[in-house]
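Quick note: the sequence shown, position 221, residue 220 per numbering that gives the first Met the number 0, numbers continuous.
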Amino acid sequence: MTLLIHHPLVLLSIPVIMILWYIFGREKIGTIHPNALIAKHLRTPKKIWILWIIRTLMIVSLISMIAGARMIYTTITLQQIPQDIMIVFDISLSMLAEDISPSRIAVARSVVRDFIAERRSDRIGLIIFAGKPFISVPFSTDYTGISSIVSGLSPDLIRQDLPGLSGTNIGDALLLANMAYSGSHSSARSIILLTDGRANVGIDPLISGSESRDLGIKIFTVGIGSLSGAELSYTDGWGTKQYFSDGSGGHLQSDLDEPMMRQLADITGGQYHHADDRIGLSQIFSDIRAHLPSSTKSKMQTKQSDITPILLILFVILLLVERSYLRWVMRRYRLM
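Shown next as structure tokens:
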């Protein structure tokens, strides 16, 4: 809050008026108040200073009105700048594994939907990948539409029986995410990588991660499912438990590349997490929410308020106080 004077030179008259009043009024109180007894009582130090204070305030309020005094109110509000968050979702066949009930992909879909539902102004994008990545949703604030697409995520969305489409291509998925940020103007950029395996096709994920770092993108890596060594099974359409084949007659085992996931997070300033149940995955996304990069911008607004009515009221009140004070003196000394 600041006081603004439109005609500040007018204020120079205040000390001039006070000096003149002191010089010519000090010895002329009896002239202003012909009754000698009033003059006598007003000349006592205490009563003179009371009048001095009252009249000083009267002069200040009057001159301030003439000078065009205004109050300036300044408010500064901090606005959260929306973030751009790209979710990179592994839909390789191993995500059907049921070491997390009912399955890895079902739990991941549910938790990601909850995460999206809690966004307010952030733009969310979605990339799915197996042996090759695809942009499923470009950056958008249509949270209902994005959640609907997440609900339908399945390995069937990519023909993984075709050459070049099977496997876990983390590196290319991250490169595609980096490319998606080419049109982003947000300074708060994040990738959430959700996978259950090890990169076995495509570019080295750490090369993609280095590019992400250079673009100012943080990568939060989430490993889902049992750690290395657990056999992966699923339930077929007949309700029979089946095991994933490793291609050589044996059962496919979980093979989460934690060192690579940690390194990806470290070089970009993100975090690595591992979840082996739904509660753990939900807690991980809560933690990611708390650590997502954010930025704010300040907005300053000023408002001027004319205080002439207030000064006028103050002047009138002081005038009445002065008159009342003089009447009190006269009554006290039985001069009325």
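Glycine included, C-beta positions come from ideal geometry on N, C-alpha and C.
Given the structure is predicted, the values throughout are model-derived calculations rather than measurements.
Residue burial annotation: residue 278 is exposed, with fewer than 16 other C-beta atoms found within 10 angstroms of its C-beta. In this structure residue 241 is exposed. Its beta-carbon is surrounded by fewer than 16 other beta-carbon atoms within 10 angstroms. When beta bridges are read from the DSSP output, residue 169 appears opposite no residue.
Residue state for residue 120 is assigned as coil, using DSSP reduced to three classes. Ranking 153, 179 and 110 by CA distance to the CA of residue 136 puts 179 first.
In terms of Cβ geometry, residue 94 and residue 195 form a close pair [threshold 8 Å]. For the pair residue 192 and residue 149, the CB atoms are not nearer than the 8 Å cut-off. If you look at residue 135, you'll find it in the beta strand (DSSP E) that goes 132-139. Spatial neighbours of residue 210 in its own chain (CB-CB distance under 6 Å, excluding positions within 5 residues in sequence) are listed in chain order as 177. In the DSSP assignment, residue 314 is bridged to no other residue. Of the candidates 119, 271 and 169, the residue whose Cα lies closest to the Cα of residue 126 is 169. The beta-bridge partner set that DSSP reports for residue 274 consists of 223. Sequence-distant Cβ neighbours of residue 217 in its own chain, meaning closer than 6 Å and more than five residues away, are 189, 267, 268, 269 and 292. Counting C-beta pairs closer than 8 Å gives fewer than three between the stretch 103-117 and the stretch 157-171, which falls short of the contact rule. Residue 289 sits exposed, since fewer than 16 C-beta atoms from the chains shown fall within 10 Å of its C-beta. Assignment of beta-bridge partners to residue 88 by DSSP yields 127 and 193. With respect to the 8 Å criterion, residue 172 and residue 82 are not classified as neighbours on the basis of their beta carbons. Residue 280 is positioned such that its CB atom lies closer than 8 Å to that of residue 110. The DSSP-derived three-state label of residue 82 is coil.
Using a Cβ distance threshold of 8 Å, residue 202 and residue 274 do not count as a contacting pair. Its chain contains 218, 219, 220, 270 and 271 as the residues whose beta carbon lies nearer than 7 Å to that of residue 264, once the 5 sequence neighbours on both sides are disregarded; these appear in chain order. Under the 10 Å beta carbon count, residue 302 is surrounded by fewer than 16 other beta carbons and is classified as exposed. Under DSSP, residue 188 shares a beta bridge with 83 and 216.
With fewer than 16 other CB atoms across the displayed protein chains lying within 10 angstroms of its CB, residue 319 is exposed. Sequence-distant Cβ neighbours of residue 276 in its own chain, meaning closer than 7 Å and more than five residues away, are 99.
In the DSSP assignment, residue 142 falls within the unbroken alpha helix (DSSP H) covering 142-150.
A Cβ-Cβ separation of about 10 Å leaves residue 254 out of contact with residue 198 under the 8 Å criterion.
Each of 262, 205 and 146 was checked against the Cα of residue 86, and the nearest Cα belongs to 146. For residue 303, the three-state secondary structure derived from DSSP is strand.
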